[in-house]
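Undergrad: I have a structure here, written as structure tokens, and I will follow up with some questions on it.
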Amino acid sequence: MPQQTECPTCAEPLGPQDAFCGACGTALTGPPTLRDLPVVPSCPNCGSTELADGWCQRCGHAQPRERDHQEHEVTGVAAVSDRGLRHHRNEDAFGVAGAECPDGAPAVIAVVCDGVSSSARPDEASATAVTAATDSLVAALKAGRDPGQAMHEAIGAANRAVTALAHDGTPAEPGRHNNAPACTYVSAISAGGLVTIGWVGDTRAYWIPDDRESAEPYRLTEDDSWAARMVAAKLMDEAEAYADPRAHAITGWLGADAEDLDPHTVSFTPHVPGVLLICTDGLWNYAEAATDLAFFVRADARTEPLAAARALVTFAVERGGHDNITVAVLPIDPQVSPADHDDTLLDVPLPRAAADTDATVPLRRAEPAAN
Amino acid sequence: MASLSKPDAPRFDVDVFQNEYLAQGAREVNAIVTVTATGGGTSGGRPLGAAAPGPGTAVVLVIDCSGSMEHPNTKMRNAREATAAAIDTLPDGVAFAVVAGTNRAEDVFPGNGTLAVLDPYTRIHAKEALHRLKPSGGTSISTWIDRARKLFDAHPGTTIRHAVLLTDGRNEHETPADLQRALDAATGAFTADCRGVGTDWEVAELRRISSALLGTVDIVAEPSGLAEDFRAMMATAIGKQVADVALRVWTPANARVKFVKQAAPAVEDLTERRTEAGPRAGDYPTGSWGDESRDYHVCVEVPAAAVGNEMLAARISLVLPGPDGTTEVLGQGLVRAVWTDDLASSTRINPQVAHYTGQAELAESIRDGLEAHRAGDLDRATARLGAAVRLAHASGNEGTLKLLRKVVDVVDAREGTVRFRKNVSEADSMTLETRSTKTVRVKK
Ligand SMILES: [Zn+2]
Ligand SMILES: [Zn+2]
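Order-wise, the sequence lines are chains A and B. Residues in the first sequence are numbered from 1 upward in steps of one, following our numbering. Residues in the second sequence are numbered from 372 upward in steps of one, following our numbering.
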């Protein structure tokens, strides 16, 4: 394998002795991977090797792009994103990172965003939000900020970055969506046994315990969606609201035309081992209820988060892949003694009142979709 | 803006306007391609000032000297004055000749089978020679075209080669096949604007010539308008900086180009003008360019692909052939196809495409309407010109609407309700027909 001078994943400069990238954790040694083998790229549609500028010069089909399928794993978190089958590009984006708190304690960060397809440049919006939020979270945690505070700052930073896209001088395309670039947002911080979630829109977080017999999986987020709003306002019951064609219309997003941005955050301390999932609707549309989704989460998800994330993406693709699919899996292993275990609060997320004055969205048990 | 040296070739910007989203199974991709050439220091169509075209430009003026030019005799006099005005508009350094066109073509100036280069001396002699433009004989335009071609050939080294053909009558002393043979030989050798003076000439005939030679056609109903028109044509000609530019359309395997049309400033169907240019590519001639902008409507049928697929439906390039057989790409734009199950996306109509589809329909309605009128089918003529009024009104094509109003009384422009006017003048009817292909751009 040739000497690498920069990380193949994140382009961080490397020293000759580095076995891992210091920035993103990518392993740099080991057997050659497909990436290292000299392959003549050919068109997946017609097999032609005449390719230029991302297009097949024979059949015209767009060639696979970097964002079509992406995987990344760092210590404590793995994520996979896929274009799916019915959209021509991947408008989802994710970021995963490790951070170090001032006391030396490690923290793990994951951010998942879904570009709003009725807005302009949704793919840029999601990528921009992810970068801004990830950078903000790492910096805030390094600076010793409380996770809830860090989360608020990150959502603010992501919103400003996406908002700025609307004013970057890119001309509006006539006859197109001219809504300002926008995306939904969900992110997680796992640090010192505490999990903190923040979200805007209908990207979601789920808690999936290892032992699904004695502990129940939960949805941790409440969508900013038309249906959720109708239910919350008691204007419709859940079945009625979700059967409406407007059910999935979102009522919250990041971007220049997001009025009254209302980011939600929630923190909880898991008491049993499990994984935290954050994902886009491309996944949860196929298994909306936490218990349904849990069925497709590998039993060894906590020790094999990348494999678990891949399996979830594969599941969604096999179900039709109607949307882009992105999921991040954060293994959680509470370092708590059984004596501390409070049965009544077993793995129920606890809004941390002190840090999360705005954690007003009521958390509820996710009901199975059927029956 | 003044520049004394020949500026570099202009920069070509290519913008593509389309709705790339197709429903499942859909195959037709439409796009409007806006090509804007901007170059240093030329005047474009504006009055000349100090801009200098340098030695690259050659102009041949062919003036109809058939017997009918003396009826009325102001026609010949005005044609002579217009020729003088054209000579005065051209700057020193331009190579030029004046030809008297009858049933044969005779060099009037310089008269030695080649072109003269304008300088203060040749300018005076050229104008003196114009008294040799005298009406006598018939009209065989193929001889005019042949003579212009030979004159350009005799003066190699010019890049912009432009002729003006002025006639007052039909091409009646030869067969259409003669004319076609001359056009075939001249195509690509030079460009030409055609002008009909009076109302005894045939619009379709001149349009055929100007289309083949990538120039304009217009009517000068009153001979007194000739001088100004000639000045304007010369200003445009010397604003041209690059000739023989082609629109190259690459399409993927198993795709078919349904049509390629210039859509602005006037409708000009180029579909049949394709010459193959390598695998899956064809060139469509666009002639010479100064500082100007043109729109093209490209329609391609591609093989259907599943929802979620994205395809390059066409790559549109502006290319300039080099002397050594190579081509220089001056600008490029991409036409895409994306299959989606989102109906809101696939059913959206691109406003540019819709607009130029309407402008092409407008031109066609006028042509049909006037044809029906000539054939005595007043009902059809009224219906077609009514449709034209509606389209012109809806698209804001005020110029064409004004011409239509001279032929029909408009009862309701929005609905296209019209009545044929009594005693429509031949000049108004021909002006409408000649200028029917002029389009306007999308209202902002
Ligand atoms: Zn790295
Ligand atoms: Zn191919």
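Beta carbons are placed, not taken as given, at the ideal position from N, Cα and C, and that holds for glycine. As the structure is a prediction and not an experimental result, all values here were calculated from the model.
Measuring alpha carbon to alpha carbon, tell me which of Ala143(A), Glu238(A), Pro217(A) and Ala215(A) ends up nearest Asp225(A).
TA: Asp is not the amino acid found at residue 225(A); the sequence shown has Ser there. Nearest option by C-alpha distance: Glu238(A).
Undergrad: Ala798(B): which of Ala487(B), Met447(B) and Val568(B) sits nearest, CA to CA?
TA: Val568(B)
Undergrad: So which residues put a beta carbon under 6 Å from any heavy atom of ligand 2, going in chain order?
TA: Cys43(A), Asn45(A), Cys46(A), Ser48(A), Cys56(A), Arg58(A), Cys59(A) and His61(A)
Undergrad: By Cβ distance below 6 Å, which residues in the same chain neighbour Asp654(B) in space, the five residues on each side in sequence not counted?
TA: Taken in chain order, the residues that qualify are Ala617, Arg619, Thr646 and Ala648.
Undergrad: Can you check which of these residues, Pro656(B), Val479(B), Glu681(B) and Leu756(B), is closest to Leu393(B) by C-alpha distance?
TA: Out of Pro656(B), Val479(B), Glu681(B) and Leu756(B), the CA that lies nearest to the CA of Leu393(B) is found in Glu681(B).
Undergrad: In angstroms with no decimal places, state the Cα-to-Cα distance between Val709(B) and Gly679(B).
TA: About 7 Å.
Undergrad: Classify Tyr286(A): buried if its beta carbon has 16 or more other beta carbons within 10 angstroms, exposed otherwise.
TA: buried
Undergrad: Is there a C-beta anywhere in chain B that falls below 8 Å from the one on Trp55(A)?
TA: yes
Undergrad: Since Val613(B) and Leu522(B) are thought to touch, with beta carbons under 8 Å apart, how far apart are those beta carbons, to the nearest angstrom?
TA: With 8 Å as the limit, Val613(B) and Leu522(B) do not qualify as a contact, their Cβ atoms being about 22 Å apart.
Undergrad: For Arg310(A), decide whether its Cβ has a neighbour in chain B, counting only Cβ atoms nearer than 8 Å.
TA: By this cut-off, Arg310(A) is not an interface position.
Undergrad: Taking just the CA atoms, how far does Arg160(A) sit from Ala143(A)?
TA: 21 Å
Undergrad: His87(A) touches chain B at which residues, Cβ-Cβ below 8 Å?
TA: Gly679 and Thr711
Undergrad: Using beta carbons (cut-off 8 Å, strictly below), is Cys7(A) in contact with chain B?
TA: no
Undergrad: Just to confirm before moving on: does the CB-CB distance between Glu441(B) and Pro506(B) stay below 8 Å?
TA: yes
Undergrad: Do Ala635(B) and Asp589(B) have their C-beta atoms closer together than 8 Å?
TA: No, these two residues do not count as a Cβ contact at 8 Å.
Undergrad: Check whether the region 697-713 of chain B touches the region 729-741 of chain B, counting contact only when three or more Cβ pairs, one atom from each stretch, lie closer than 8 Å.
TA: These segments do not touch.
Undergrad: Assuming the contact rule is C-beta atoms closer than 8 Å, Ala166(A) and Ala256(A) should be a hit. Round their C-beta distance to whole Å, please.
TA: 4 Å
Undergrad: Any chance you could list the beta strand (DSSP E) runs of at least 3 consecutive residues sitting entirely within the region 668-748 of chain B, in chain order?
TA: Counting only runs of 3+ residues, the beta strand (DSSP E) found wholly inside the region 668-748 of chain B occupies 681-692 and 698-710, in chain order.
Undergrad: Taking Cys59(A) as the query, report the chain B residues whose CB atoms sit under 7 Å from its CB, ordered along the chain.
TA: Pro623 and Ala624
Undergrad: Give me whichever residues DSSP pairs with Tyr185(A) in a beta bridge.
TA: Checking the DSSP bridge columns, you'll see Tyr185(A) partnered with Cys113(A) and Val200(A).
Undergrad: Gly472(B) and Trp515(B) - do their beta-carbons sit closer together than 8 Å?
TA: yes
Undergrad: For His526(B), write down the residues that DSSP places opposite it in a beta bridge.
TA: In the DSSP assignment, no residue is bridged to His526(B).
Undergrad: So, does the CB of Met801(B) fall closer than 8 Å to a CB anywhere in chain E?
TA: Here the protein chains are A and B, and chain E is not one of them.
Undergrad: Return the CA-CA distance between Ile403(B) and Leu14(A), expressed in angstroms with no decimal places.
TA: Per the coordinates, the alpha-carbon of Ile403(B) lies some 48 Å from the alpha-carbon of Leu14(A).
Undergrad: Mind checking if Ala316(A) is an interface residue toward chain B, Cβ cutoff 8 Å exclusive?
TA: no
Undergrad: Nearest-angstrom Cα distance between Gln57(A) and Ala652(B)?
TA: 11 Å
Undergrad: Just checking: is the beta-carbon of Ala62(A) within a distance shorter than 8 Å of some beta-carbon in chain B?
TA: yes
Undergrad: Can you tell me where the alpha helix (DSSP H) with Val574(B) in it begins and where it stops?
TA: Per DSSP, the continuous alpha helix (DSSP H) segment holding Val574(B) begins and ends at Val574 to Ala583.
Undergrad: For Phe94(A), name the three-state secondary structure that DSSP assigns.
TA: strand
Undergrad: At least one CB of chain A closer than 8 Å to the CB of Val631(B): is that the case?
TA: no
Undergrad: Using a beta-carbon distance below 8 Å, is Ala765(B) in contact with chain A?
TA: no
Undergrad: Go through the region 434-463 of chain B residue by residue and report every complete run of the alpha helix (DSSP H) that reaches 4 residues or more, in order.
TA: 445-460
Undergrad: Please identify, using Cβ separations under 7 Å, the residues of the region 638-665 of chain B that lie next to chain A, in order along the chain.
TA: none
Undergrad: Checking the sheet assignment: what are the DSSP bridge partners for Arg619(B)?
TA: Asp654(B) and Ser688(B)
Undergrad: Do the region 142-156 of chain A and the region 202-220 of chain A make contact, defined as three or more Cβ pairs closer than 8 Å?
TA: no
Undergrad: Is there contact here, the region 528-538 of chain B with the region 429-436 of chain B, by at least three beta-carbon pairs under 8 Å?
TA: yes
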